[in-house]
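Anchor point for the sequence shown: position 327 equals 1286 in our numbering, and the numbering is continuous, going up by one each time.
All C-beta atoms in this analysis are idealised placements derived from N, C-alpha and C, irrespective of residue type, glycine included.
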Amino acid sequence: MNQHEPSLALTNALLIDGTGGPVIDGATVVVSGGRIAAAGTGAPVPGHATVVDLEGKAVLPGLIDAHVHLGGLGFRSTPPFGGRAATDDYAAAREGALRYGVTTQRSLGDFLHDSIAVRDGIENGTLAGARVVTSGPSFQVEGGHPNATVWGSEPAAVREGARMPKTAEEAERMVDELAAAGVDLVKIIISNNAIFGPARPELKMPWHLTEAIADAAHARGLRVAAHTETVEDARTAVERGVDDIEHLVLRAEEPQDEAAAEALFALMADRGTYLVPTMVAHQFEARADGDARTLRYGNHLVHRAYEAGVRLGVGSDAHSPGLHGWKLRDELVMMVHDQGIPAPAALSMATKTNAELLGIADRLGTVEPGKIADLLIVSGNPAQDITAIGRVHQVIRSGQVVFQGEGA
């Protein structure tokens, strides 16, 4: 630590460091040069540091949302961002997330050039907001989701937001293009059974193309996320090599095959495949169509996955202005209150596990010396009362305060 570099010392805090270890009372977190210099009890406070007493407050790693859509349901920037016809600067998503302590978001299906430009702009400081890890567009089937369901097959939007290969060779070329453009991972939408309309089981990514995309991505050092809507499709996707399952079940009109689910979770636990269940998205759809069966028949599988040892990530599927950040808070509350997952474990999933899933655990996800100082400070103890995660006192990104809560 440079003794002349400005430092911040957060003292007398409840430290929930994200590692899954015990909560530390009376802790000190020292931040210097945008990174964590020390954390724990007895951490030395530099004489030149600005000292902030956080009695009654908890310090956590900044939350990570493992599943968002920065651009959402068809809104555009005016004037166009980057001069293109179909564009978005994602201001609502990147800035809104910070208000709820989300300091990193994984974009799983947005416009290619915009999502990369926004990611890079946030990193170099020319744009404000939560950090972005992005897949750019998603691999889809023609006439499926979201090219037809969200964008109405609008050519400019489909060009920026979709890749629809017909052959394995074409799939490999498309992965090459995305890798060259600078995406962080690849997203495949496999199932299109029940999104925004009647079931269309024929609109499914062919399995040989799923495997070709996954193989090409892995050869280029990119992870693969797969949108599935049934237990059966999730299992086949895992067998074909994807690294994480998104949603698992979106709409369940009847009880799920418990034996098939148990077999899936055993396979995922054995292979280290992640599951990001996005339960709050199921809740949104249930309210929209007045059908709560998914909440009864689908969401309970999350607890089964947890018990089976599946690596659970936390994602909101936020997709419209005003949803980013607070929907992740709701997802955490559902994990604890509805699924019986202990609050400390859920918090570790939204920080450490998500950082591992995103491939950024070397620098983010826990409050440990050397990590980037992305921090969330809340009133109360969310390890005992998960709803305290919504009582945001302050949000720090790279050692700088980026949001101050009311009364802070």
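Given a threshold of 16 other Cβ atoms within 10 Å of its Cβ, counted over all protein chains shown, does G1001 qualify as buried or as exposed?
exposed
Find out if the Cβ-Cβ distance for the pair V1354, G1021 is shorter than 9 Å.
yes
Tell me, please, which residues DSSP counts as bridged to Q1064.
D1024, V1091
Looking at A1171 and V1183, is the spacing between their C-beta atoms short of 9 Å?
no
Counting only the same chain and skipping the five closest in sequence on each side, list residues whose C-beta sits under 6 Å from that of M1294.
I1300, A1305
Taking 8 Å as the limit between beta carbons, can you name the residues of its chain near P1003, skipping five residues before and five after?
V989, A997
Let's see if you can read the secondary structure: which residues bound the alpha helix (DSSP H) around A1176?
1166-1178
Can you tell me the Cβ-Cβ gap for P1303 and G979, rounded? I've got them flagged as a contact below 8 Å.
7 Å
Mapping DSSP to helix, strand and coil, what is T1187?
strand
Identify which residue in Q1298, P1114, L1282, G1095 has its Cα closest to the Cα of A1050.
L1282
Which residue's Cα is closest to the Cα of E1188: V1100, D1135, I1149?
I1149
Can you tell me which of the three DSSP states I1319 falls into?
coil
Start-end ranges of the beta strand (DSSP E) lying completely within the region 983-1010, minimum 3 residues:
983-991, 994-999
CB-CB under 7 Å to N1340, same chain, minus the five flanking residues each way: which ones, in chain order?
L973, A1017, A1347
N-terminal and C-terminal residue of the alpha helix (DSSP H) that I1075 is part of:
1071-1083
Taking 9 Å as the cut-off, decide whether the C-beta atoms of S1097 and G1111 are in contact.
no
DSSP three-state label for E1221, please.
helix
For A1277, tell me which candidate among A1314, G1068, Q1099 has the shortest Cα-Cα distance.
G1068
Contact check, G1318 vs V1092, beta carbons under 9 Å:
yes
Which residues DSSP lists as bridging D1203, in chain order
A1184, Y1233
Are the region 1134-1145 and the region 1081-1088 touching by the rule of at least three beta carbon pairs closer than 8 Å?
no
My parser needs the alpha helix (DSSP H) runs of 4 or more residues fully inside the region 1273-1320; what are they?
1285-1296, 1302-1307, 1313-1317
Short Cβ contact (9 Å threshold) for G1272 with L1234:
yes
Exposed or buried, H1167, counting other C-beta atoms within 10 Å across all chains shown (16 or more means buried)?
exposed
S1338: which of K1330, V1351, R1230, E1082 sits nearest, CA to CA?
V1351
Here's the rule: buried if 16 or more other CB atoms are within 10 angstroms of the residue's CB, otherwise exposed. What is A968?
buried
Counterpart residues of S966 in DSSP-defined beta bridges:
S991
If we ignore side chains and look at the alpha-carbon of each, how far apart do P1328 and L1334 end up?
13 Å
Once the 5 residues before and after T1237 are set aside, which same chain residues still bring their CB inside 8 Å of it?
H1026, E1205, H1206, G1274, S1275, D1276, E1290
What does the alpha-carbon distance come out to for the pair A1107 and N1151?
11 Å
Same chain, Cβ closer than 6 Å to I1336, five either side skipped, listed in chain order:
K1016, V1018, H1352, Q1353
Report yes if the CB atom of L1162 is closer than 9 Å to the CB atom of V1100, and no otherwise.
yes
Go ahead and pull the three-state DSSP assignment for L1029.
coil
Buried/exposed call for P1005, threshold 16 Cβ in 10 Å:
buried
Report yes if the C-beta distance between D1203 and T1169 is below 9 Å; otherwise report no.
no
Only counting the same chain, and skipping five residues up and downstream in sequence, which positions put a Cβ closer than 6 Å to that of D1192?
I1149, S1150
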